[in-house]
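There are 2 protein chains.
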Amino acid sequence: MKDSPDISRVASLIGDPARANILTALMSGKALTATELAHEAGVTLQTTSAHLAKLDEGGLIRPRKEGRHKYFTLASEDVAHVLEALMGLAAGSGHLRHRPGPRDPELRHARVCYNHLAGDMGTQMYDSLIARGLILHSDKALNLTLSGRDFFTGLGIDLDAFPASRSPMCRDCLDWSERRSHLAGRLGRGLLAHFESTGWAQRIPESRVIRFTAPGKKSL
Amino acid sequence: MKDSPDISRVASLIGDPARANILTALMSGKALTATELAHEAGVTLQTTSAHLAKLDEGGLIRPRKEGRHKYFTLASEDVAHVLEALMGLAAGSGHLRHRPGPRDPELRHARVCYNHLAGDMGTQMYDSLIARGLILHSDKALNLTLSGRDFFTGLGIDLDAFPASRSPMCRDCLDWSERRSHLAGRLGRGLLAHFESTGWAQRIPESRVIRFTAPGKKSL
DNA sequence: AATATGCTTCGTTTACGGTCGAACTATGAA
DNA sequence: TTCATAGTTCGACCGTAAACGAAGCATATT
Numbered sequence: 001m002k003d004s005p006d007i008s009r010v011a012s013l014i015g016d017p018a019r020a021n022i023l024t025a026l027m028s029g030k031a032l033t034a035t036e037l038a039h040e041a042g043v044t045l046q047t048t049s050a051h052l053a054k055l056d057e058g059g060l061i062r063p064r065k066e067g068r069h070k071y072f073t074l075a076s077e078d079v080a081h082v083l084e085a086l087m088g089l090a091a092g093s094g095h096l097r098h099r100p101g102p103r104d105p106e107l108r109h110a111r112v113c114y115n116h117l118a119g120d121m122g123t124q125m126y127d128s129l130i131a132r133g134l135i136l137h138s139d140k141a142l143n144l145t146l147s148g149r150d151f152f153t154g155l156g157i158d159l160d161a162f163p164a165s166r167s168p169m170c171r172d173c174l175d176w177s178e179r180r181s182h183l184a185g186r187l188g189r190g191l192l193a194h195f196e197s198t199g200w201a202q203r204i205p206e207s208r209v210i211r212f213t214a215p216g217k218k219s220l
Numbered sequence: 001m002k003d004s005p006d007i008s009r010v011a012s013l014i015g016d017p018a019r020a021n022i023l024t025a026l027m028s029g030k031a032l033t034a035t036e037l038a039h040e041a042g043v044t045l046q047t048t049s050a051h052l053a054k055l056d057e058g059g060l061i062r063p064r065k066e067g068r069h070k071y072f073t074l075a076s077e078d079v080a081h082v083l084e085a086l087m088g089l090a091a092g093s094g095h096l097r098h099r100p101g102p103r104d105p106e107l108r109h110a111r112v113c114y115n116h117l118a119g120d121m122g123t124q125m126y127d128s129l130i131a132r133g134l135i136l137h138s139d140k141a142l143n144l145t146l147s148g149r150d151f152f153t154g155l156g157i158d159l160d161a162f163p164a165s166r167s168p169m170c171r172d173c174l175d176w177s178e179r180r181s182h183l184a185g186r187l188g189r190g191l192l193a194h195f196e197s198t199g200w201a202q203r204i205p206e207s208r209v210i211r212f213t214a215p216g217k218k219s220l
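Residue numbers (full-length UniProt numbering), protein chains in the order written: chain A, 1 to 220; chain B, 1 to 220.
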């Protein structure tokens, strides 16, 4: 009767509106403080503190103390993956009670999904990388090819400089808006960081929208 | 402030223990009646009826009236995908309060995940199919190759006989136990059905365990 | 030291939702 | 028709947890 992992614990954590807002805000990949998250969630700091404690205890977020601030990030890419999948369901199954405001088309076009590029631009880039043989779907997961390695180093991206965390180099993540894969993983994060540092793209503050500049559009 | 789809609605639906049990039971892919689900969930029929109404209203399950019975199934593969992803989080993030009972290793070895094969056997089969060039990762998704088409028809599986639903022919779905991809989609369902009809495998009643017979093990 | 800022803990209130008993509807069997 | 089984609806109860005010720590800044 109790054979599968206990879904309801995690799901009920995400199920509270305030906590869902917190997690959605953290999908940007930026580390946010408790007060910032309180503002995002629309509740006071006290209740936010309680929520953050529960999310931490549930393993969904990871705290980091820095001076008198406490920064929070999502605990892993798996969490981000689950959240995107849930957004897909929520967007599909009616109940999209956010009327398509002015920023919505921009969100579908290009947005940040836990520090990598998502939306229409994200899936286009993913397709292009596959078509040019720079990344490859091997047995189990996505892998970087040799020519891909050359390509990215030629672009001025130092692949070995990435922190050697346990997260894979390449990973696919599916969009709730496009319902197709885009590139995640260390390479996905590195690419977006590169776009920003070269001025090809910039994040719009207080949202997940990414806007590409004119020179940035020629990269495809 | 309200730019992404509303996650909390869906998540809170899954967040209730009784409903989570119901959804987990439906992961077997079999259509179950309200009373069966009530038994699964451990609550009375009245409350189950309320839960089922909410799950239906939320678009997670789909009812089907058959005589005086009412059968329920998951609404789509996307729902199953989200549930598996949640199981992955729940299994990873501590709190696996189901002590590894006798059936647990069997579950990790081979189980049914919304009518297709999952677990160790599932990912092995997936890898083997890819390695032999029978299915291919193209731009966006998984595709059946021509040689794959021949192979399966040679095996006695009539691909065109599958109901031409909107769900894709091939699809990858990731395991909570193996943390790797296995084959889903119409082909995945068809293969498992084929295994059962030829006597290579059989489902263990009242669980998601699949047990392979001796002749079935030679198929790899 | 003194003050300010960021966050946590405590205690209380409040409200929402899960639960079941009992009565009602619907479909099938005798 | 009558009885039985499957499911729904209603109403009331109850528990839990979300929310905030107020006070308590902790880490800066002056």
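Quick reminder that beta carbons are idealized off the backbone N, C-alpha and C, glycines included.
| Query | Result |
| --- | --- |
| What are the uninterrupted segments assigned as alpha helix (DSSP H) that are 4 or more residues long and contained completely in the UniProt domain "HTH arsR-type" (1-94) of chain A, given in chain order? | 7-15, 17-26, 34-41, 45-57, 77-92 |
| Quick one: residues in its chain with C-beta nearer than 8 Å to the C-beta of A/Met121, no 5 flanking neighbours on either side, listed in chain order? | His109, Ala110, Ile210, Phe212 |
| Verify the contact flag: A/Asp16, CB atom, against every heavy atom of the ligand FMN, threshold strictly below 7 Å. | Although the ligand FMN was asked about, the structure shown includes no ligands whatsoever. |
| For A/Asp172, which of helix, strand or coil comes out of DSSP? | strand |
| In whole angstroms, give me the CA-to-CA distance for B/Ser128 and A/Ala53. | 44 Å |
| Output yes if chain B places a C-beta closer than 8 Å to the C-beta of A/Leu83; else output no. | yes |
| Starting from A/Arg189, trace the alpha helix (DSSP H) both ways and give me its first and last residue. | 185-197 |
| On the CB-based measure, 16 or more other CB atoms within 10 Å of its CB, does A/Pro100 come out buried or exposed? | Low confidence applies here, because A/Pro100 scores a pLDDT of 42, under 50, leaving its location unreliable and the question unanswered by this model. |
| For A/Asp16, count neighbouring C-beta atoms within 10 Å of its own C-beta (all shown protein chains included) and say buried if the count is 16 or more, exposed if not. | buried |
| Taking beta-carbon pairs under 9 Å, can you tell me which members of the segment 6-24 of chain A lie near chain B? | Asp6, Ile7, Ser8, Arg9, Val10, Ala11, Ser12, Leu13, Ile14, Gly15, Asp16, Pro17, Ala18, Arg19, Ala20, Asn21, Leu23, Thr24 |
| Express the C-alpha separation of B/Ser147 and A/Ile7 in angstroms, rounding to a whole number. | 40 Å |
| B/Leu117: which of B/Leu74, B/His194, B/Asn21, B/Arg132 sits nearest, CA to CA? | B/His194 |
| Chain B partners of A/Gly88, CB-CB under 7 Å? | Asp78 |
| Thinking just about the alpha-carbon of each residue, which of B/Met27, B/Ala85, B/Arg208, B/Thr153 is nearest to the one in residue 221 of chain B? | Because chain B spans 1 through 220 in this model, residue 221 of chain B falls outside it and cannot be assessed. |
| The beta strand (DSSP E) spanning B/Leu144 covers which residue range? | 142-144 |
| So A/Ile130 is in the alpha helix (DSSP H); what residue range does that whole segment cover? | 120-131 |
| If distances are taken between C-alpha atoms only, which option among A/Thr33, A/Leu45, A/Arg9, A/Leu60 comes closest to A/Leu23? | A/Leu60 |
| On the DSSP bridge list, what partners appear for B/His109? | BP columns for B/His109 are empty, so no partner. |
| Can you tell me whether B/Leu155 is helix, strand or coil according to DSSP? | coil |
| With a threshold of 8 Å between beta-carbons, can A/Ala38 be considered close to chain B, or not? | no |
| When burial is assigned at 16 or more other CB atoms within 10 Å of the CB, is A/Asp150 buried or exposed? | exposed |
| Exposed or buried, A/Asp172, counting other C-beta atoms within 10 Å across all chains shown (16 or more means buried)? | buried |
| Determine the chain A residues that contact B/Ala184 at a beta-carbon separation under 8 Å, and present them in chain order. | Under the 8 Å cutoff, chain A gives no residues; its nearest Cβ is about 13 Å from B/Ala184. |
| Which residues in the same chain as B/Leu136 place their Cβ atom closer than 7 Å to its Cβ, once the five residues preceding and following it in sequence are excluded? | Asn143, Thr145 |
| To the nearest angstrom, how far is it from the Cα of B/His51 to the Cα of A/Arg9? | 17 Å |
| Name the DSSP bridge partner or partners of B/Ala201? | B/Phe212 |
| Run through DSSP, which three-state label would A/Ser181 get? | strand |
| Please classify B/Leu83: is it buried, with 16 or more other beta-carbons within 10 angstroms of its beta-carbon, or exposed? | buried |
| Return the CA-CA distance between B/Leu187 and A/Ala214, expressed in angstroms with no decimal places. | 44 Å |
| Please tell me whether B/Gly156 has its Cβ less than 8 Å away from any Cβ of chain A. | no |
| B/Leu134 bridges to which residues according to DSSP? | In DSSP, B/Leu134 forms no bridge with anything. |
| Spatial neighbours of B/Ala31 within its chain, please: CB distance less than 8 Å, with the 5 preceding and 5 following residues excluded, ordered by chain position. | Arg64, Tyr71, Phe72, Thr73 |
| Would you kindly work out how many angstroms separate the C-alpha atoms of B/Glu57 and B/Leu13, rounded to a whole number? | 10 Å |
| I'd like to know whether the C-beta of A/Ala91 is nearer than 8 Å to at least one C-beta of chain B. | yes |
| Sorted by chain position, which residues of the same chain lie with C-beta nearer than 7 Å to A/Tyr126's C-beta, five sequence neighbours on each side aside? | Ser181, His182, Leu183 |
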